[in-house]
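As they're listed, the protein sequences go chains A and B.
To convert, note that position 74 of the first sequence is 74 in our numbering; the numbers rise steadily by one, no gaps.
To convert, note that position 447 of the second sequence is 921 in our numbering; the numbers rise steadily by one, no gaps.
Protein chains: 2
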Amino acid sequence: MDNSQFRRYGHEFVDWIADYLETIEKRPVRAVVSPGEIAARLPAEPPEKAERMEEIFNDFNKIIMPGMTHWQHPGWHAYFPANNSPESILAELLTAGIGAQGMSWVTSPAATELEDRVMEWLRKMIGLPEGFSGVIQDTASTATLCALLSARERATGFEANEKGLRRPLTVYATSETHSSLEKGIKIAGYGRENLRLVPVDSGFAMNPEALQGAILRDKAAGFQPAFVAATLGTTSSSAIDPLKPIGEIASRHGLWLHADGAYGGTAALCPENRWILDGAEKLDSFVFNPHKWMLTNFDCSAYFVKDPGTLIRTFEIHPEYLKTGVDPYVKNYRDWGIQLGRRFRALKLWFVIRSYGVEGLRAFVREHQRLARLFRGWAMEEPDFEVLAPSPLGLVCFRLNDGRGEEALNRLNRALLDDINASGRVFLTHTVLGGRFALRMVVGSRLTQERHVRLAWDIVRASGRRVKAEFSPA
Amino acid sequence: MDNSQFRRYGHEFVDWIADYLETIEKRPVRAVVSPGEIAARLPAEPPEKAERMEEIFNDFNKIIMPGMTHWQHPGWHAYFPANNSPESILAELLTAGIGAQGMSWVTSPAATELEDRVMEWLRKMIGLPEGFSGVIQDTASTATLCALLSARERATGFEANEKGLRRPLTVYATSETHSSLEKGIKIAGYGRENLRLVPVDSGFAMNPEALQGAILRDKAAGFQPAFVAATLGTTSSSAIDPLKPIGEIASRHGLWLHADGAYGGTAALCPENRWILDGAEKLDSFVFNPHKWMLTNFDCSAYFVKDPGTLIRTFEIHPEYLKTGVDPYVKNYRDWGIQLGRRFRALKLWFVIRSYGVEGLRAFVREHQRLARLFRGWAMEEPDFEVLAPSPLGLVCFRLNDGRGEEALNRLNRALLDDINASGRVFLTHTVLGGRFALRMVVGSRLTQERHVRLAWDIVRASGRRVKAEFSPA
């Protein structure tokens, strides 16, 4: 493709994206396809000869798009959102165009220095105390793994890197902690049996006294408690583990304190939400995802550490072919994480923060919280519906409850979820809270307005009536 | 930003990229800035108010661009390239515009099914035997870590995930193996002291008899040999470890055999290079990076495994909030690696493979190999220059050698490299081969033509004369 063709298709694709976002509401949120349906339309053999972009783009529209689930749809209330914005798309376009790889300072000094600066901006924006250093990771899964590895090395005096981890280090979290912690525990060699699930309170947040008890029991039994994960906005119910008492216990017993604010961290942009970070001065590491609730497209996870020296010592490698003359004077972010190669992700953060201003980002979070409270109010007022957890952020967990037994209720609500999603106009997902099947309604997509939340509620209510009638309590 | 502004800036940025690529040759390859220079031009405080895209883009051009090192420059002969192409940029634009996240089949069926299909295409394209299953990872570092973790679990009967790794598993590689292996060994809890460096032959490739000896010694000493990494195109010199004898030894002793073809794998597109995969049927896992030499922009790493069951069992997690009704019938790629969230990377591969056709991609590799041979020939013929390793792919390792002592030669060649790069017209990096400081000249950028390689050689020769005169052998 020559440059003139690139210009032509570039303009066409930009317009396609603008059209897509303008009309996204008309598409079903979830792809309406069966397993294998898309694959069946893709040739088994790679093309020997070059094909024209026109054909490829045509197939993109005919074959790929019907199989996409639309994360930017205003009816997206599933999981947590993966936010996006026109400004972030534009930055990604430039990033792709330049195609730089920022493993070392020298391989693009601006990529490193801009990352350093926007991470410092983010730290200030959410009110994380001074002294934390930031680095962009792809996902919170990776960031939490980095935390587990740094903690492992600190706990063993950097011996695990050398000899392997040969003694049981214990890790503390709750049943509500994100599954990436368990995954990280396996990867880092702690062993899943050394994960202690600390009981939660009625709002699904960690009970600090229970944490203290678990640590003491493990110490008495000869284990070495090493790591505690607090979650600021759990995936199931957005519960906020109380950082302050957890931090006091962690620091008393020498545990690494990591906070996973993948979803909730963005809320701290607003001073009225800053309580979730109360006690943050005790943190060793903290992660939140601008790609979830801060208009920056996936992937972009902001990881902060109190002591970058430990992080670097955990990961650094010094092969001859990567050495540069400026190494003593610069940050080489390759030593701040698992991957060697690094995309220039700071650019989109810079574009987003400047385009909206801190003020604009705050307004966005506030509006979503207001809409979630609205939905929560409706669900609480409606006979036969109940709310199953506090909603400190933008997530409401609810279910239909017409008084039938718990098992029947779980079946009923599973049917309710399917019926709601069959509408194609909204997409909700589920969880289980204390044994109860719960529907999760997240408000967090950029395009979601009050009318969409009202529509969602109308659909929920109509589906509620329908499934109640279909599944008689008998 | 409203949609009409998005269109306007989108068109402007597309044109900017076209202009950038058209005129990239006029820029110095490496950024000419000192540490801290870019940072000093970025405000310390995040903006409270929204700023206009015009200002942001202006700053991008004024502040960021002078600090970029241009990986797409035709004078890029450093490290390995991070290839790009107009078609790949266009696909990334669409990917960013849609903003989907492909952790599960249901979160975008087309993303999963297209990934499955293009990975199967890639397998066929490079002649990897049937029966390997593919998944896209971000980088080869991550892929190699996945291999180490799968091997750890297979070797311990999936006990390490549960209890932690409590016994010494040994790993085999050469001094030339990429540093990501050492990093992965630390992360996965093997412990660096359990890495055995197998001696290399005169061409820097693994000596299989030495491997066999090391395994036997370890077995006799009570270690459990678990993993051997063969490299197809080492970073320092592009040496090809001989897969066939290594595979026979690995299979005899029950070791996991991983091949790191991050750079070299793409060469197997051409039948005349397929010998590098001779013995591939014994592989347990294999990785190569389309983002290095196959016109696909960073990041995109193709990871293949013989037994996806082991990979999935190593990583799978089943939290309630991720369960879907179709789980038994579909691939959920979140269980094929470390991260939960996944970008839709298959789209750019699909665009690239179709746009160039296998034929076009082969022609691209062949031309680079031809140009590297040209350069190698010139370096061999030139008095005072010598070539330090075989060049089976697109990399030539050479140095100036006017007969002075080895230590003085190392100083001389370090000065040579600095002088060459000070030209701003080419960018080469270095390594050390058998104690000798070597300059690495890689031919692999999309825009590099014969005239650029001739220019590089002219610069090298002129710099050679200059530094020889400056650094008299005394």
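From the three backbone atoms N, C-alpha and C, an ideal C-beta is built for every residue, glycine too.
By the criterion of Cβ-Cβ separation under 7 Å, what are the contact partners of residue i in chain B?
i, result
"R192 of chain A", "N635 and E636"
"P225 of chain A", "Near P225 of chain A there are no residues of chain B at all, since even the closest Cβ is about 15 Å away, more than 7 Å."
"F13 of chain A", "L564, L567 and L568"
"Q72 of chain A", "G573"
Per DSSP, what are the beta-bridge partners of residue i in this structure?
i, result
"Y303 of chain A", "A:V135 and A:V287"
"F872 of chain B", "B:V861 and B:L913"
"D260 of chain A", "A:T231 and A:V287"
"T630 of chain B", "DSSP lists no partner for T630 of chain B."
"L643 of chain B", "B:Q698"
Does the CB of residue i have a neighbour CB from chain B at under 9 Å?
i, result
"Q449 of chain A", "no"
"S141 of chain A", "yes"
"S236 of chain A", "yes"
"I240 of chain A", "no"
"D419 of chain A", "no"
"M480 of chain A", "No answer is possible for residue 480 of chain A: it lies beyond the span of chain A, which begins at 1 and ends at 474."
"F315 of chain A", "yes"
"A221 of chain A", "no"
Expressed to the nearest angstrom, what Euclidean distance is found between the alpha-carbon atoms of residue i and residue j?
i, j, result
"E209 of chain A", "A226 of chain A", "17 Å"
"T266 of chain A", "R440 of chain A", "19 Å"
"R939 of chain B", "L902 of chain B", "17 Å"
"I894 of chain B", "F859 of chain B", "15 Å"
"P308 of chain A", "W105 of chain A", "16 Å"
"L340 of chain A", "D876 of chain B", "36 Å"
"A514 of chain B", "M593 of chain B", "44 Å"
"F364 of chain A", "T705 of chain B", "49 Å"
"T905 of chain B", "Y79 of chain A", "47 Å"
"V442 of chain A", "W76 of chain A", "8 Å"
"S478 of chain B", "E528 of chain B", "14 Å"
"V702 of chain B", "A742 of chain B", "21 Å"
"A111 of chain A", "S301 of chain A", "16 Å"
"P290 of chain A", "W121 of chain A", "13 Å"
Chain A beta carbons: is any one of them nearer than 9 Å to that of residue i?
i, result
"G571 of chain B", "yes"
"G938 of chain B", "no"
"M539 of chain B", "yes"
"A524 of chain B", "yes"
"F778 of chain B", "no"
"P673 of chain B", "no"
"P560 of chain B", "yes"
"L902 of chain B", "no"
"P502 of chain B", "no"
"R885 of chain B", "no"
"L845 of chain B", "no"
"M768 of chain B", "no"
"M854 of chain B", "no"
"E529 of chain B", "yes"
"P793 of chain B", "yes"
Whose Cβ in chain A lies nearer than 7 Å to the Cβ of residue i?
i, result
"R899 of chain B", "The premise fails here: R899 of chain B is roughly 17 Å from chain A at the closest Cβ pair, so nothing lies under 7 Å."
"P583 of chain B", "A31, V33, I38 and G67"
"H842 of chain B", "Chain A residues near H842 of chain B: none, gap ~17 Å exceeds 7 Å."
"T644 of chain B", "None at all; the shortest Cβ gap to chain A is about 11 Å."
Under 8 Å Cβ-Cβ, which residues of chain B neighbour residue i?
i, result
"K124 of chain A", "E519 and P520"
"D278 of chain A", "The premise fails here: D278 of chain A is roughly 22 Å from chain B at the closest Cβ pair, so nothing lies under 8 Å."
Which bits of chain B does residue i rub up against, with CB to CB less than 9 Å?
i, result
"H77 of chain A", "Per Cβ cutoff of 9 Å: no residues; H77 of chain A is ~13 Å from chain B at best."
"H258 of chain A", "Those within 9 Å of H258 of chain A in chain B number zero; the least Cβ separation is about 16 Å."
"R117 of chain A", "I512, A513, L516, P517 and A518"
What in chain A is Cβ-close to residue i, meaning under 9 Å?
i, result
"I563 of chain B", "F6, G10, L93, A96, G97 and G99"
"L588 of chain B", "I38, A39, L42, I63, I64 and G67"
"W579 of chain B", "P35"
Give me the chain A residues within the contact set of residue i, using Cβ-Cβ distance strictly less than 8 Å, ordered along the chain.
i, result
"Y494 of chain B", "G97 and I98"
* Asked: Along the chain, which unbroken stretches of the beta strand (DSSP E) at least 3 residues long are found entirely within the region 172-249 of chain A?
  -> You should have 195-198 and 224-231.
* Asked: Which runs of the beta strand (DSSP E), 3 residues or longer, sit entirely within the region 400-461 of chain A?
  -> 427-433 and 436-442, all fully within the region 400-461 of chain A.
* **Chain-ordered residues of the region 818-836 of chain B with a beta carbon less than 8 Å from chain D** => Note that chain D does not occur in the displayed structure, where the protein chains are A and B.
* **Within the region 546-615 of chain B, ranges of the beta strand (DSSP E) (whole runs, at least 3 residues)** => For the region 546-615 of chain B, whole beta strand (DSSP E) runs of length 3 or above, ordered along the chain, are 607-611.
* Asked: Which runs of the alpha helix (DSSP H) spanning at least 4 residues fall entirely within the region 3-51 of chain A, listed in chain order?
  -> Segments of the alpha helix (DSSP H) lying fully in the region 3-51 of chain A: 3-23.
* Could I get the ranges of all uninterrupted beta strand (DSSP E) runs contained in the region 298-346 of chain A, with 3 residues as the minimum, in chain order? => The region 298-346 of chain A contains these whole beta strand (DSSP E) runs: 301-305.
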